[in-house]
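Note sheet for the following structure.
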Amino acid sequence: MTTAETTPPPTIRREDYRPPAFLVDSVELHLALHPGATRVTASLTMRRNPAAAPAADLELDGEALTLISSALDGAPLEPGRLARLPGGGLRIAGVPDAFTLRTEVEISPEANSELSGLYLSGGNYFTQCEAEGFRRITFFPDRPDVMARYTTTIEAERAACPVLLSNGNPDGAGELPDGRHWARWVDPHPKPSYLFAVVAGDLVAARDSFTTQSGRDVALAIYVRRGDEDACGHAMDSLKRSMKWDEDTYGLEYDLDVFNIAAVSDFNMGAMENKGLNVFNTKYILARPETATDTDYEGIETVVAHEYFHNWTGNRVTCRDWFQLSLKEGLTVFRDQHFSADQGSAAVKRLSDVRRLRAAQFPEDAGPMAHPVRPDSYVEINNFYTATVYQKGAEVVRMMRALIGEAAFRRGMDLYIQRHDNQAVTIEDFAQAMQDASGVDLSRFRRWYGQAGTPELRVRDAFDPASGRYTLTLSQSTPPTPGQPEKLPVPIPVRMGLIGADGAELPGAGVLLLEEAEQDFTFDGLASRPVPSLLRGFSAPVRLSGLSLEQLGFLAAHDSDPFVRWDSGQQYAVAEMLRMVQEFRAQKPLALPEGLASNISALLDGAADDPAFAAEALVLPSEDFVADQMDTADPEAVHAVRQFLRASLGTRFMARFAALHDELRDAGPYRTDGISTGRRALRNTALSYIGRAEGGDGIARAARQFETGGNMTDVLSALRVLADSDAPERETALAAFHARWRGDDLVLDKWFTIQAISSREDTLRVVEDLLQHRDFDLRNPNRVRALVGAFAAGNPARFHTASGEGYRFLADSVIALDAVNTQVAARMVGPLAQWKRQDAARGAIMREELRRILARPGLSKGTYEKVSKGLA
Ligand code: 0A1
Ligand code: ZN
Numbered sequence: 000m001t002t003a004e005t006t007p008p009p010t011i012r013r014e015d016y017r018p019p020a021f022l023v024d025s026v027e028l029h030l031a032l033h034p035g036a037t038r039v040t041a042s043l044t045m046r047r048n049p050a051a052a053p054a055a056d057l058e059l060d061g062e063a064l065t066l067i068s069s070a071l072d073g074a075p076l077e078p079g080r081l082a083r084l085p086g087g088g089l090r091i092a093g094v095p096d097a098f099t100l101r102t103e104v105e106i107s108p109e110a111n112s113e114l115s116g117l118y119l120s121g122g123n124y125f126t127q128c129e130a131e132g133f134r135r136i137t138f139f140p141d142r143p144d145v146m147a148r149y150t151t152t153i154e155a156e157r158a159a160c161p162v163l164l165s166n167g168n169p170d171g172a173g174e175l176p177d178g179r180h181w182a183r184w185v186d187p188h189p190k191p192s193y194l195f196a197v198v199a200g201d202l203v204a205a206r207d208s209f210t211t212q213s214g215r216d217v218a219l220a221i222y223v224r225r226g227d228e229d230a231c232g233h234a235m236d237s238l239k240r241s242m243k244w245d246e247d248t249y250g251l252e253y254d255l256d257v258f259n260i261a262a263v264s265d266f267n268m269g270a271m272e273n274k275g276l277n278v279f280n281t282k283y284i285l286a287r288p289e290t291a292t293d294t295d296y297e298g299i300e301t302v303v304a305h306e307y308f309h310n311w312t313g314n315r316v317t318c319r320d321w322f323q324l325s326l327k328e329g330l331t332v333f334r335d336q337h338f339s340a341d342q343g344s345a346a347v348k349r350l351s352d353v354r355r356l357r358a359a360q361f362p363e364d365a366g367p368m369a370h371p372v373r374p375d376s377y378v379e380i381n382n383f384y385t386a387t388v389y390q391k392g393a394e395v396v397r398m399m400r401a402l403i404g405e406a407a408f409r410r411g412m413d414l415y416i417q418r419h420d421n422q423a424v425t426i427e428d429f430a431q432a433m434q435d436a437s438g439v440d441l442s443r444f445r446r447w448y449g450q451a452g453t454p455e456l457r458v459r460d461a462f463d464p465a466s467g468r469y470t471l472t473l474s475q476s477t478p479p480t481p482g483q484p485e486k487l488p489v490p491i492p493v494r495m496g497l498i499g500a501d502g503a504e505l506p507g508a509g510v511l512l513l514e515e516a517e518q519d520f521t522f523d524g525l526a527s528r529p530v531p532s533l534l535r536g537f538s539a540p541v542r543l544s545g546l547s548l549e550q551l552g553f554l555a556a557h558d559s560d561p562f563v564r565w566d567s568g569q570q571y572a573v574a575e576m577l578r579m580v581q582e583f584r585a586q587k588p589l590a591l592p593e594g595l596a597s598n599i600s601a602l603l604d605g606a607a608d609d610p611a612f613a614a615e616a617l618v619l620p621s622e623d624f625v626a627d628q629m630d631t632a633d634p635e636a637v638h639a640v641r642q643f644l645r646a647s648l649g650t651r652f653m654a655r656f657a658a659l660h661d662e663l664r665d666a667g668p669y670r671t672d673g674i675s676t677g678r679r680a681l682r683n684t685a686l687s688y689i690g691r692a693e694g695g696d697g698i699a700r701a702a703r704q705f706e707t708g709g710n711m712t713d714v715l716s717a718l719r720v721l722a723d724s725d726a727p728e729r730e731t732a733l734a735a736f737h738a739r740w741r742g743d744d745l746v747l748d749k750w751f752t753i754q755a756i757s758s759r760e761d762t763l764r765v766v767e768d769l770l771q772h773r774d775f776d777l778r779n780p781n782r783v784r785a786l787v788g789a790f791a792a793g794n795p796a797r798f799h800t801a802s803g804e805g806y807r808f809l810a811d812s813v814i815a816l817d818a819v820n821t822q823v824a825a826r827m828v829g830p831l832a833q834w835k836r837q838d839a840a841r842g843a844i845m846r847e848e849l850r851r852i853l854a855r856p857g858l859s860k861g862t863y864e865k866v867s868k869g870l871a
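Just so we're aligned, residue 0 is where the sequence shown starts under numbering that gives the first Met the number 0, counting upward by one.
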């Protein structure tokens, strides 16, 4: 895992893909669990791959394994035929065409702070094998195109581990001497090693069942720590709705007798789709009204659906190699977004998906780690679980569906699964199925998979009153990205409409397909110049420019498409904020722009009709989003402008915000339907404005809401207002929150985050103190993300403090983390690598800090890749 100072780790290239020399038909695994020394015995039934170049020797991946014994077809292997490979793998010389290999290794779950392979969390055993964790459990050709049938036997001490779980269906259990017991699991479906899982420990299950469309009963269970079984209802309900949705939408039925989920508090990511045994970060399972926010509830629904949907898109049909990661991830995100949209307000769901794409993926696509949805090379695959592979990948699938139509897309999915069930395939195979099912030529469209960078879409228009002809000129270009200086045009579906001066929709709405660098589209028979409504529903992941402030204001008020209405309002605000940033830099006094004020006023007028939409639209564009539109960011100026606007809008509309805050109080029990969450969102947006207003009673309101709030959404919104203030109520509330929730790690994460993202000037000091807090733990990824991640990625004003202390803090954290958990460490580097966006002075310090990290001996290859690419 670590690299010598002098030799940079190797780059893996897509073009170097070769089929595996040996295949594994079946795997018989036996795990004897002990915290410090677990014995893993693996019997692999193997044969030469007829489709591969012949190889004399067998090479297996392995990492952090102690080899105890090995035998080929029952005969112990003489040491002379065995060699250890540099990374820890094994080479066996001169193997026959077909054979059974048996190896016995020892591993230490206790010593595994990487949380990849088999590890301990709170005394219980969990595994994480994607992408390359199985090699930390046993010697194996650990690559997704080797698909095998697994039988797994687990044995452990009964008292410590009453629950023993693995993939597939249960197939026997029994007692052993010395208080130990065993359980066997058989997974009938061939799978790649990254989908292997074992969970063992003292867990309790919340249970339910689901009857599939063909009438089979599936036993559902969610395993959690004792005491948490009452917090699984929302996850279970989301699971059953996902199972039903996949049947209704794609005819896809679950394929085992049991579906198990286990929740763990120490986890590198959100969750993992292991076959029949999903492992989840507790953050995406546990929810009670008093501990989880509306955002948490939404996250649970989405992630449960995502992992469930992987059963077909990812597990039954898997990836040939890791360059194809978006084959499963882009498609599965597309599916979970579609599912969530179907559960509530599709329009509001789309806004928040787009907001997330712009916040995470657009900057990535414009930065030093920019890569195509199907990358060409990597050093550490764990660095490529990115917003580009996931979110942009989903946008590409979405565009494909728009191009070929819904019915053809469904036929394409059927064909894809029918053709490739139980295979490890490529993105090309997916595109081919869509092309064959639709008859639409997608050859140009495939550029979306190979080209990095966010296309820029520009619009010009002209109207000829004499002929009534309106001409829209659309042009596109994609900026250069590392390794890709020249870009080709990509097909961009632009869903659009035309709006008349009175705000009415005119004929001519449809989808324009921009395929060339520039194209004209004409509309005849118009009485006057219309306003174009472009990119309805955000029909393509591009940056749109060319509309005037006036047109944006008009669209924000009149368009029938909620996405364009929301986005035009946001773009309007961005334009004004950029202008104000210039004024601030020129030390001119700031004033509230009347146009912006009247947009907000109009939103407030209509707020009651659609509170969820109003809540989204009333929030000003984030500091990062505004800075992202500048040639050189100015975090201080952007922060000052945004705070000024929040305060002046709060002051101007105080009475109306106060009325919303009073009227929208929850009546009755907590509910998570779209109406209820929309009302809470709007109410808390109002509170946040009042909290900044001059002469307002925001602190008193927040303090009251903090004390009496009946759910975490309201309590946390109130605490956020207090934590941002200098009021004495701040300390009292933070202390009370800590005292009340110190036993609940997910809630305690919120306590860390709220302090890390406070706009107060002393935030960095506070964060540094929190790093020493007895409840802080560098080994827990959620806690690290809650404090270090939230500060570096969620508090631009304080992270980019001119002194460079924020940068030093992050570099120190990365260095400390790299010795504990390299995956989490590498993921923290991002904000430092964006130095080109900052001014020269900040950029120089950021580079200095990156160099300091790079100079550390024994740096992991993941962190090395992020830092060295960040410096380039
Ligand atoms: N396949 C999972 C994501 C995942 C990736 C890597 C992990 O460990 C390093 C864990 C989870 C998903 O898409 O949900
Ligand atoms: Zn996934």
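All C-beta atoms, glycine included, are put in the ideal place defined by N, C-alpha and C.
It should be emphasised that the depicted structure is a prediction, and the values quoted were computed from it without experimental measurement.
Within the same chain, show all residues whose beta-carbon is closer than 6 Å to that of F643, passing over the 5 residues directly before and after it, in chain order.
L589
Sorted by chain position, which residues of the same chain lie with C-beta nearer than 8 Å to A20's C-beta, five sequence neighbours on each side aside?
R47, N48, A51, A52, P53, A54, L57 and E58
Buried/exposed call for T2, threshold 16 Cβ in 10 Å:
No answer about T2 holds up, because its pLDDT of 47 lies below 50 and its placement is not dependable.
Y16 versus R315 - alpha carbon distance
22 Å
When DSSP labels each residue in this structure, what does S597 get in the three-state scheme?
helix
What are the start and end residues of the alpha helix (DSSP H) that includes V640?
P634 to R651
My understanding is that L473 touches V493, with C-beta atoms under 8 Å, so please give their C-beta distance in whole angstroms.
6 Å
Check whether the Cβ atoms of L119 and E129 lie closer than 8 Å to each other.
no
Residues that DSSP places opposite T152 in a beta bridge
H29 and R183
Pair every Cβ in the stretch 279-288 with every Cβ in the stretch 239-247, then say whether three or more of these pairs are closer than 8 Å.
no
Alpha-carbon to alpha-carbon, V424 and R12:
17 Å
Can you look up H305 in the DSSP assignment and give me helix, strand or coil?
helix
Segments assigned alpha helix (DSSP H), at least 4 residues, entirely inside the stretch 319-388:
324-342, 345-355 and 361-364
Helix, strand or coil for Q628 per DSSP?
coil
Taking just the CA atoms, how far does I756 sit from V878?
Any question about residue 878 goes unanswered here, given that the chain covers just 0 to 871.
C-alpha gap between R679 and D661, whole angstroms:
11 Å
Any heavy atom of the ligand 0A1 closer than 7 Å to the beta-carbon of A63?
no
Below 7 Å, is the gap between the Cβ of E113 and the nearest heavy atom of the ligand ZN?
no
Which class does F798 belong to by DSSP, given the choice of helix, strand or coil?
helix
Is the shortest distance between the beta-carbon of V823 and the beta-carbons of chain D less than 8 Å?
No chain D is part of this structure, which consists of one protein chain only.
So the candidates are R778, A74, I689 and S25; which of them puts its Cα closest to the Cα of T146?
Per the sequence shown, residue 146 should be read as Met rather than Thr. For M146, the nearest C-alpha among the options comes from S25.
Residue nearest to Q390 in terms of C-alpha spacing, selected from A572, Y448, A345 and L402
Y448
Going by other Cβ atoms of all chains shown within 10 Å of its Cβ, with 16 needed for buried, is A451 buried or exposed?
buried
heavy atom of the ligand 0A1 below 7 Å from H557 C-beta
no
So V39 and I153 are supposed to be a Cβ contact under 8 Å. How far apart are they, rounded?
Not quite, the Cβ-Cβ distance comes to about 10 Å (not below 8 Å), so this is no contact.
Return the chain-ordered list of same chain residues with a C-beta closer than 6 Å to the C-beta of G61, the five sequence neighbours on each side being excluded.
G87, G88, L89, R134 and F138
When you compare the CB positions of V541 and T453, do they come within less than 8 Å of one another, or not?
yes
If we call anything under 8 Å between Cβ atoms a contact, is I844 one with V866?
no
What are the boundary residues of the beta strand (DSSP E) that R773 is part of?
Where R773 is concerned, there is no enclosing beta strand (DSSP E), given that its DSSP letter is neither H nor E.
Which residues mark the beginning and the end of the beta strand (DSSP E) in which V530 is found?
V530 to L533
For R101, the nearest candidate out of L733, S112 and I67 (CA to CA)
I67
To test your reading of the DSSP string, which unbroken beta strand (DSSP E) runs of 3 or more residues are found completely within the stretch 64-125?
65-71, 81-83, 89-91, 97-106 and 116-120
Measuring only from the beta carbon, is E872 closer than 7 Å to any heavy atom that is part of the ligand ZN?
The requested residue 872 does not occur in the structure, where the chain is confined to residues 0 to 871.
Inter-residue Cα distance where the pair is F798 and V223:
36 Å
Between N168, A503, E593 and G509, which lies nearest to L554 when the distance is taken from Cα to Cα?
A503
Between the CA atoms of A369 and E363 - distance to the nearest angstrom
6 Å
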